[in-house]
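A.B. asks: Protein chains in written order, with my numbering: chain A, 1 to 323; chain B, 324 to 469. The structure follows.
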């Protein structure tokens with residue numbers, strides 16, 4: 001199903017839900033002010049619902065906004081959810097941030113989202129892109145003096161290549177039917193690229209990967225898992241993490257941010273898409289999720305019943321490293 | 324530290340109040356000798372140990388970190404050490420993945436009756452950290468800790 005049809009389907013579903021009064025608000029995407037910058041949108045009435053859209057650049061994780069609603073808003077919300085967003089919703093329900101009844105999931109099968117940085121790099125960093133539209137498996141990029149067709153699977157986000165659950169895992173209605181469950185990439189092969197290095201090499205690779213970090217916390221704010229009222233980076237007594245861009249502070253921040261997602265991260269890639277510096281923010285979370293799969297045979301966000309792996313224990317958990 | 328002196332590591336040692344801390348006490352009253360490189364920090368349970376403590380130790384100049392608590396099944400709070408075990412597994416793998424040398428971060432289960440195991444483990448941990456030399460991992464203020 002093409003984007004126009006999906007957009008139409010989302011708008012119809014949203015208008016219906018708002019007109020019926022089933023929900024107070026529909027959380028979806030609207031076009032950004034520049035191409036390839038689709039952004040979250042809150043539709044409160046059927047007229048506003050006509051601004052909702054669907055495209056391959058819907059990279060924000062909308063589950064993030066389900067738990068960050070303005071104070072006083074308590075009604076039911078509908079949310080447009082592709083596979084990863086639905087997995088995040090499952091995680092939030094599990095962590096008691098949300099109940100299943102509070103959310104109406106408008107499921108959309110994800111075709112694999114696109115990375116605007118990769119598109120820009122492919123077209124040329126100095127080119128101004130004025131329009132980008134998807135036609136089947138291709139992306140048509142236009143600008144002054146050029147018109148380029150790019151294969152969709154060349155410019156997908158890293159996490160979308162290895163996604164194994166593109167269809168929503170929970171939904172109240174599904175727009176446009178299901179898609180193939182996987183793109184065929186294997187996450188375990190690419191999750192931990194620094195494993196082949198020695199400790200000094202690992203530290204160098206780690207520091208290099210995050211050297212451009214400006215500590216804007218976009219990765220934290222884009223993450224639906226980061227909902228603590230006071231974040232460890234904002235605590236000052238004791239101060240766990242300095243405020244500077246020193247290597248030590250930057251690396252401490254990223255280690256702890258990743259650790260806080262252990263056994264919870266659904267690999268939606270919102271952190272990486274949000275990063276203004278183009279840092280491969282998923283390097284640490286993918287490694288942790290790989291360990292969690294290996295040690296505790298657990299993949300987060302797939303169903304509502306299981307207990308998150310770091311909230312439970314078994315008598316025979318691995319402990320070879322403990323004296 | 325001058326070049327001629329032998330390197331003496333500083334090791335932050337987090338001990339559970341109900342077991343290893345008692346074990347250290349027993350080692351003391353039993354006159355068991357062990358290297359003076361550890362700085363004992365008492366915590367109520369290994370389950371209380373947040374990974375931020377470990378990073379903070381390295382940031383502030385520790386050359387090694389050692390965490391010790393009750394044997395599985397002996398936790399004063401029934402299961403604190405079992406949750407901690409899962410957390411340590413993930414943490415140790417993560418830190419070693421990002422460049423912490425194996426041998427800087429140690430874990431052990433030592434009961435309050437195991438003074439000899441305590442003594443042996445201090446020796447083991449100290450030797451392992453000493454062999455690796457001063458730690459640079461995440462160290463924040465070199466001037467402050469020199």
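Quick reminder that beta carbons are idealized off the backbone N, C-alpha and C, glycines included.
Does the Cβ of residue 228 of chain A have 16 or more other Cβ atoms within 10 Å, making it buried, or fewer, making it exposed?
C.D. replies: As a first step, residue 228 of chain A must be located in the first chain, where it is residue number 228. The residue is exposed, with fewer than 16 neighbouring Cβ atoms inside 10 Å.
A.B. asks: What would DSSP say about residue 123 of chain A, mapped onto helix, strand or coil?
C.D. replies: Within the first chain, the letter at position 123 stands for residue 123 of chain A. DSSP places residue 123 of chain A in helix when its eight states are reduced to three.
A.B. asks: Give the residues of chain A in contact with residue 429 of chain B, contact being defined as C-beta atoms less than 8 Å apart.
C.D. replies: Indexing the second chain from 1 puts residue 429 of chain B at position 106. Ordered by position in chain A, the residues that pass the 8 Å Cβ test against residue 429 of chain B are 323.
A.B. asks: Could you please give the first and the last residue of the uninterrupted alpha helix (DSSP H) stretch that includes residue 196 of chain A?
C.D. replies: Residue mapping note: residue 196 of chain A aligns to position 196 of the first chain, counting from 1. First-last for residue 196 of chain A: undefined, no H or E at that position.
A.B. asks: Against chain B, with Cβ distances strictly below 8 Å, would residue 291 of chain A count as a contact?
C.D. replies: Here residue 291 of chain A refers to the residue found at position 291 when the first chain is read from its first residue. It does: the Cβ of residue 291 of chain A has a partner Cβ on chain B nearer than 8 Å.
A.B. asks: For residue 422 of chain B and chain A, any beta-carbon pair shorter than 8 Å?
C.D. replies: Translated into the one-based positions of the second chain, residue 422 of chain B becomes position 99. Yes - at least one Cβ of chain A is within 8 Å of the one on residue 422 of chain B.
A.B. asks: Would you please verify whether the beta carbon of residue 15 of chain A is less than 8 Å from any beta carbon of chain B?
C.D. replies: Start at 1 with the first residue of the first chain, and residue 15 of chain A comes out as number 15. False, the Cβ-Cβ gap to chain B never drops below 8 Å.
A.B. asks: Please state whether DSSP places residue 363 of chain B in a helix, a strand or coil.
C.D. replies: Counted from its first residue, the second chain places residue 363 of chain B at position 40. Strand, per DSSP.
A.B. asks: Any beta-carbon of chain B closer than 8 Å to the one on residue 307 of chain A?
C.D. replies: Working through the first chain from its first residue, we reach residue 307 of chain A at position 307. Chain B contact via Cβ: absent.
A.B. asks: Which same chain residues end up closer than 8 Å to residue 302 of chain A when comparing Cβ atoms and leaving out the 5 residues on each side of it in sequence?
C.D. replies: Working through the first chain from its first residue, we reach residue 302 of chain A at position 302. Once the five neighbours on either side are set aside, the close Cβ partners of residue 302 of chain A are 87, 90, 165, 169.
A.B. asks: Tell me the DSSP secondary structure of residue 373 of chain B in three-state form.
C.D. replies: To locate residue 373 of chain B, count along the second chain from 1; it is residue 50. Coil.
A.B. asks: Given a threshold of 16 other Cβ atoms within 10 Å of its Cβ, counted over all protein chains shown, does residue 316 of chain A qualify as buried or as exposed?
C.D. replies: As a working note, residue 316 of chain A is residue 316 in the first chain. Label assigned to residue 316 of chain A: exposed.
A.B. asks: Grab me the residues of residue 19 of chain A's own chain with a C-beta within less than 8 Å of its C-beta, minus the 5 sequence neighbours each way, in chain order.
C.D. replies: Locating residue 19 of chain A in the first chain gives position 19, counting from the first residue. Within the same chain, residue 19 of chain A has close Cβ partners 46.
A.B. asks: Please decide whether residue 406 of chain B counts as near chain A, where near means a Cβ-Cβ distance under 8 Å.
C.D. replies: Taking the first residue of the second chain as 1, we reach residue 406 of chain B at position 83. Residue 406 of chain B counts as touching chain A.
A.B. asks: Could you spell out where the alpha helix (DSSP H) holding residue 4 of chain A opens and where it closes?
C.D. replies: One-based indexing of the first chain puts residue 4 of chain A at position 4. 3-20 is the extent of the alpha helix (DSSP H) around residue 4 of chain A.
A.B. asks: Which residues mark the beginning and the end of the alpha helix (DSSP H) in which residue 313 of chain A is found?
C.D. replies: By one-based count along the first chain, residue 313 of chain A stands at place 313. Segment: none, residue 313 of chain A is in no alpha helix (DSSP H) and carries neither H nor E.
A.B. asks: Is the number of C-beta pairs between the segment 109-117 of chain A and the segment 293-313 of chain A that are closer than 8 Å three or more?
C.D. replies: No: the two stretches stay apart, fewer than three of their Cβ pairs being nearer than 8 Å.
A.B. asks: Let me check understanding here. Comparing Cα to Cα, which of A:278, A:310, A:274, A:305 lies closest to residue 288 of chain A?
C.D. replies: Sequence index remark: in the first chain, residue 288 of chain A carries index 288 (1-based). Comparing Cα-Cα distances from residue 288 of chain A to each of A:278, A:310, A:274, A:305, the minimum goes to A:310.
A.B. asks: Less than 8 Å between the C-beta atoms of residue 110 of chain A and residue 82 of chain A, yes or no?
C.D. replies: Position 110 of the first chain holds residue 110 of chain A. Position 82 of the first chain holds residue 82 of chain A. Closer than 8 Å, so yes.
A.B. asks: Output the distance between the C-alpha atoms of residue 282 of chain A and residue 352 of chain B, rounded to the nearest integer angstrom.
C.D. replies: Stepping through the first chain from its first residue, residue 282 of chain A is reached at position 282. Stepping through the second chain from its first residue, residue 352 of chain B is reached at position 29. Looking at the two C-alpha atoms, the distance is approximately 50 Å.
A.B. asks: I need the boundaries of the beta strand (DSSP E) containing residue 339 of chain B, first residue and last residue.
C.D. replies: Walking along the second chain from the start, residue 339 of chain B turns up at place 16. That run of the beta strand (DSSP E) goes 334-339.
A.B. asks: Check the Cβ-Cβ distances between residue 316 of chain B and every residue of chain A, and say whether any is below 8 Å.
C.D. replies: With chain B covering only 324 through 469, there is no way to say anything about residue 316 of chain B.
A.B. asks: Check the Cβ-Cβ distances between residue 444 of chain B and every residue of chain A, and say whether any is below 8 Å.
C.D. replies: The sequence position of residue 444 of chain B within the second chain is 121, counting from 1. Yes - at least one Cβ of chain A is within 8 Å of the one on residue 444 of chain B.
A.B. asks: Strictly under 8 Å for the Cβ-Cβ distance: is residue 6 of chain A near chain B by that measure?
C.D. replies: Here residue 6 of chain A refers to the residue found at position 6 of the first chain. Taking Cβ atoms only, chain B never reaches closer than 8 Å to residue 6 of chain A, which makes this a no.
A.B. asks: Which of the residues in the segment 242-261 of chain A, read from start to end, lie with their CB under 8 Å from any CB of chain B?
C.D. replies: Answer set for the segment 242-261 of chain A: 242, 246, 248, 249, 251, 252, 255, 256, 258, 259.
A.B. asks: Note down the Cα distance separating residue 322 of chain A from residue 292 of chain A, rounded to an integer number of angstroms.
C.D. replies: Position 322 of the first chain, counted from the first residue, corresponds to residue 322 of chain A. Position 292 of the first chain, counted from the first residue, corresponds to residue 292 of chain A. Each residue's Cα considered, the two are about 18 Å apart.
A.B. asks: Just to confirm the assignment, what range does the beta strand (DSSP E) spanning residue 254 of chain A have?
C.D. replies: As a first step, residue 254 of chain A is located in the first chain; it is residue number 254 there, counting from the start. No beta strand (DSSP E) contains residue 254 of chain A, which is instead part of the alpha helix (DSSP H) from 247-260.
A.B. asks: Where do the N-terminal and C-terminal ends of the alpha helix (DSSP H) with residue 87 of chain A fall, by residue?
C.D. replies: Along the first chain, one-based indexing puts residue 87 of chain A at 87. Residue 87 of chain A -> alpha helix (DSSP H) spans 83-94.
A.B. asks: So, helix, strand or coil for residue 438 of chain B, using DSSP?
C.D. replies: Your numbering for residue 438 of chain B matches position 115 in the second chain. The answer is helix: DSSP assigns residue 438 of chain B an H, G or I state.
A.B. asks: Closer than 7 Å between beta carbons: that is the criterion. Which residues of the segment 362-378 of chain B meet it against chain A?
C.D. replies: Hits within the stretch, in order: 374, 375, 378.
A.B. asks: Return the residues of the segment 452-463 of chain B that lie within a Cβ-Cβ distance of less than 9 Å from chain A, sorted by chain order.
C.D. replies: Of all residues in the segment 452-463 of chain B, 459, 460, 461, 462, 463 have a Cβ within less than 9 Å of some Cβ in chain A.
A.B. asks: Among B:335, B:379, B:408, B:450, which has the Cα closest to the Cα of residue 392 of chain B?
C.D. replies: As a working mapping, residue 392 of chain B is identified with position 69 in the second chain. Closest by alpha carbon: B:408.
A.B. asks: With a 10 Å radius around its C-beta and 16 neighbouring C-beta atoms as the bar for buried, classify residue 41 of chain A as buried or exposed.
C.D. replies: Numbered from its first residue, the first chain carries residue 41 of chain A at position 41. Burial call: buried.
A.B. asks: Measure the alpha-carbon distance for residue 396 of chain B versus residue 402 of chain B and round it to whole angstroms.
C.D. replies: For the purposes of this step, residue 396 of chain B is taken as the residue at position 73 of the second chain. For the purposes of this step, residue 402 of chain B is taken as the residue at position 79 of the second chain. The alpha-carbon atoms of residue 396 of chain B and residue 402 of chain B are separated by roughly 7 Å.
A.B. asks: Quick test of the definition: if touching needs 3 or more C-beta pairs under 8 Å, does the segment 153-161 of chain A touch the segment 264-280 of chain A?
C.D. replies: As far as the Cβ criterion goes, the segment 153-161 of chain A touches the segment 264-280 of chain A, which means the pair count is three or higher.
A.B. asks: Near residue 285 of chain A, what residues of its chain come up, given a Cβ to Cβ distance below 8 Å and the 5 sequence neighbours on each side ignored?
C.D. replies: Along the first chain, read from residue 1 onward, the residue named residue 285 of chain A stands at position 285. These residues qualify, in order along the chain: 258, 261, 265, 267, 271.
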